[in-house]
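Chemist: This is the structure I have questions about; it appears just below.
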Amino acid sequence: MESHGKHSGQAHPHTVEGTDPQLHVETHEPAAAADSEAAILTSRPVLLIHGFASCIKLNWTDAGWISALTGAGRRVIAVDLPGHGLSGAPEDMDSYTPSRIRADLLQIVFDAGARPLLEGDPTSGLDVIGYSLGSRLAWEFGATQPELVHRMVLGGPSVLDPLAAFDLPAAQRYLADGTPIADESTAGLLKMAQLLPSNNVFALLSLVEAIKTEPFVPDEAVPRMPVLLVAGDRDERAESMPQLAALLDHAEQLLLPARTHTNAITSRAFKNAALDFLAR
Amino acid sequence: MAEISFPLPDLGEGLIEATVLEWLVAEGDQVERNQPLVEVETTKSSLELPSPQAGKVVRVYGAPGETVNVGEPLIVFEVPDNTAGIVGTVPVEEAPKRRVRLSAVLDED
Chain V
1 MESHGKHSGQ AHPHTVEGTD PQLHVETHEP AAAADSEAAI LTSRPVLLIH
51 GFASCIKLNW TDAGWISALT GAGRRVIAVD LPGHGLSGAP EDMDSYTPSR
101 IRADLLQIVF DAGARPLLEG DPTSGLDVIG YSLGSRLAWE FGATQPELVH
151 RMVLGGPSVL DPLAAFDLPA AQRYLADGTP IADESTAGLL KMAQLLPSNN
201 VFALLSLVEA IKTEPFVPDE AVPRMPVLLV AGDRDERAES MPQLAALLDH
251 AEQLLLPART HTNAITSRAF KNAALDFLAR
Chain A
281 MAEISFPLPD LGEGLIEATV LEWLVAEGDQ VERNQPLVEV ETTKSSLELP
331 SPQAGKVVRV YGAPGETVNV GEPLIVFEVP DNTAGIVGTV PVEEAPKRRV
381 RLSAVLDED
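In order, the protein sequence lines correspond to chains V and A. So the first sequence is residues 1 to 280, counted in my numbering. So the second sequence is residues 281 to 389, counted in my numbering.
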């Protein structure tokens, strides 16, 4: 058995719909568990979904979330989205659609030991924490998996999707010959994408293209389980957070003083609120 | 008691400085190794820095909003003398010296 704290970075073995998404998955066992088998039996897993141009390492590990969760006795399943982190960059655009990513996530969590919610069994089901794009994916995941998802924490959430307005031709032109990008939001997102060496920029553009074919429409499918919405109070993208809250049956909201979209993720207040909320 | 100062560690990717977001420990706190110390923000993202070792916090550098350069002091710990490591004096067991005669010594018999 693997010792506690040791993560397994195995390539995702299943193929969904015939193509291998090449997704990198990490599982982290709670500090208290003597071995991973015990952990599977004693704690409800938490799935972590990072944001655009980020990865497990930046969004969760370096930000202190893995240690905070395992330190609180939680078992963690974390995934690098396609084209990000240690995941591969599939050729086909379908691998990057939100619906396909959600199907891959579902397969991943089942492979990692998650099972449907069972009345009276606190180790059954799955909790989900998503940030930014990960929030959007989590919203839809929770909405479509009511028998599996117990509670969710959505950080940096928004009704509007900045990726949907991304100027793809301008970005491609810039990458091809350096023509400056006029749209500020597109320029900023592309800069973020280029900042991390682990990002496959062309794969990220495929992701943007795929997202445009499936824009986020939050009221089309609404999660019915309790959701905690968290954002920095200086995060402009999260101004629409109350609109998301209004769609939910059980929503709680938390604003982090003086935090932006970029630096909210390390907040201790965010982590503590998430741990408390998911444990209820 | 000895004092050890730790710098802002290399954050990779050519980053040379970080802005302090929030201290998670205070002067006077006893901290454990790997305990989260401080949140800092770089041009890339924000991250949480874990404590490189156990000790009592004597001094922290950088109020929230202030910038610290990579390699410059970030935090000072007070530790017991015999755990001071490279700072302070630690008794070192010396390897036995071999004596080498520079001139031949003939055996008696």
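For every residue, glycine included, the Cβ atom is placed at its ideal position computed from N, Cα and C.
Applying a beta-carbon distance threshold of less than 7 Å, which residues of chain V neighbour P316 of chain A?
Modeler: The contacting residues are G64.
Chemist: Cβ of S325 of chain A less than 7 Å from any chain V Cβ?
Modeler: Output row for S325 of chain A: interface = yes.
Chemist: Quick one: measure Cβ to Cβ for V222 of chain V and L248 of chain V, integer angstroms, because I've assumed they're closer than 8 Å.
Modeler: That pair is a contact at about 7 Å.
Chemist: Could you confirm whether any beta carbon from chain A is found closer than 7 Å to the beta carbon of L195 of chain V?
Modeler: At least one chain A Cβ lies under 7 Å of L195 of chain V.
Chemist: So with CB distances below 8 Å, who are the chain V contacts of L392 of chain A?
Modeler: This structure leaves residue 392 of chain A out entirely; chain A is present only between 281 and 389.
Chemist: Strictly by DSSP, which residues pair up with Y131 of chain V?
Modeler: Y131 of chain V is bridged to V:G155.
Chemist: Could you check whether the stretch 295-304 of chain A touches the stretch 336-355 of chain A, counting it as contact only if at least three pairs of C-beta atoms, one from each stretch, sit closer than 8 Å?
Modeler: With a cut-off of 8 Å, the stretch 336-355 of chain A and the stretch 295-304 of chain A count as touching, because enough Cβ pairs lie within range.
Chemist: Taking just the CA atoms, how far does P316 of chain A sit from F270 of chain V?
Modeler: Each residue's alpha carbon lies about 14 Å from the other.
Chemist: Please list the partners that L301 of chain A has in chain V, where partner means a Cβ-to-Cβ separation under 7 Å.
Modeler: N263 and T266, listed in chain order.
Chemist: To the nearest angstrom, how far is it from the Cα of T260 of chain V to the Cα of P289 of chain A?
Modeler: The straight-line gap from Cα to Cα measures roughly 24 Å.
Chemist: For E328 of chain A, return the contacting residues in chain V, with the cut-off set at a CB-CB distance below 8 Å.
Modeler: Under the 8 Å cutoff, chain V gives D62, A63, G64 and T266.
Chemist: Taking DSSP as the reference, what is the three-state secondary structure of V311 of chain A?
Modeler: Residue state, collapsed to three classes: strand.
Chemist: Here's a check: name, in chain order, each residue in its chain whose Cβ is nearer than 6 Å to the Cβ of L133 of chain V, leaving out the five neighbours to either side.
Modeler: Answer for L133 of chain V: G51 and F52, listed in chain order.
Chemist: Determine, for L58 of chain V, whether the minimum Cβ-Cβ distance to residues of chain A falls below 7 Å.
Modeler: True, the Cβ-Cβ gap to chain A drops below 7 Å.
Chemist: Measuring alpha carbon to alpha carbon, tell me which of V:S67, V:L168 and V:D219 ends up nearest P330 of chain A.
Modeler: Nearest C-alpha to P330 of chain A: V:S67.
Chemist: Between which two residues does the beta strand (DSSP E) carrying K336 of chain A extend?
Modeler: K336 of chain A -> beta strand (DSSP E) spans G335 to V340.
Chemist: Using DSSP's beta-bridge definition, name the partner residues of F357 of chain A.
Modeler: Bridge partners of F357 of chain A: A:I284 and A:V337.
Chemist: Do you know how far the Cα of F141 of chain V is from the Cα of G120 of chain V?
Modeler: Approximately 23 Å between the Cα atoms of the pair.
Chemist: Buried or exposed: which applies to A78 of chain V, given that a residue is buried once 16 or more other Cβ atoms fall within 10 Å of its Cβ?
Modeler: A78 of chain V should be labelled buried.
Chemist: Q22 of chain V by DSSP, collapsed to three states: which one?
Modeler: Of the three classes helix, strand and coil, the one that applies to Q22 of chain V here is coil, per DSSP.
Chemist: From the beta carbon of L317 of chain A, is the nearest beta carbon of chain B less than 7 Å away?
Modeler: The structure shown contains no chain B; its protein chains are V and A.
Chemist: Taking DSSP as the reference, what is the three-state secondary structure of P283 of chain V?
Modeler: Residue 283 of chain V is absent from the structure shown; chain V starts at 1 and stops at 280.
Chemist: DSSP three-state call for G368 of chain A: helix, strand or coil?
Modeler: With a pLDDT of 48 at G368 of chain A, under the threshold of 50, the modelled position of this residue cannot be trusted, and the question is left open.
Chemist: How many angstroms separate the CA atom of R75 of chain V from the CA atom of T27 of chain V?
Modeler: Roughly 7 Å separates the two Cα atoms.
Chemist: Judging by CA-CA distance, which residue of V:A274, V:R268, V:L278 and V:R280 is the nearest neighbour of W303 of chain A?
Modeler: Minimum Cα distance to W303 of chain A is reached at V:R268.
Chemist: Check whether the stretch 140-156 of chain V touches the stretch 210-228 of chain V, taking contact to mean three or more Cβ pairs, one atom from each stretch, closer than 8 Å.
Modeler: Yes, they touch.
Chemist: Can you tell me the Cα-Cα spacing of A114 of chain V and L58 of chain V, whole angstroms?
Modeler: Going by the C-alpha atoms only, they are around 25 Å apart.
Chemist: Within the 7 Å Cβ cut-off, does E297 of chain A reach chain V?
Modeler: No, because no Cβ of chain V sits closer than 7 Å to the Cβ of E297 of chain A.
Chemist: Which of the three DSSP states, helix, strand or coil, is assigned to T27 of chain V?
Modeler: Residue state, collapsed to three classes: strand.
Chemist: Helix, strand or coil for A176 of chain V, going by three-state DSSP, please let me know.
Modeler: DSSP places A176 of chain V in helix when its eight states are reduced to three.
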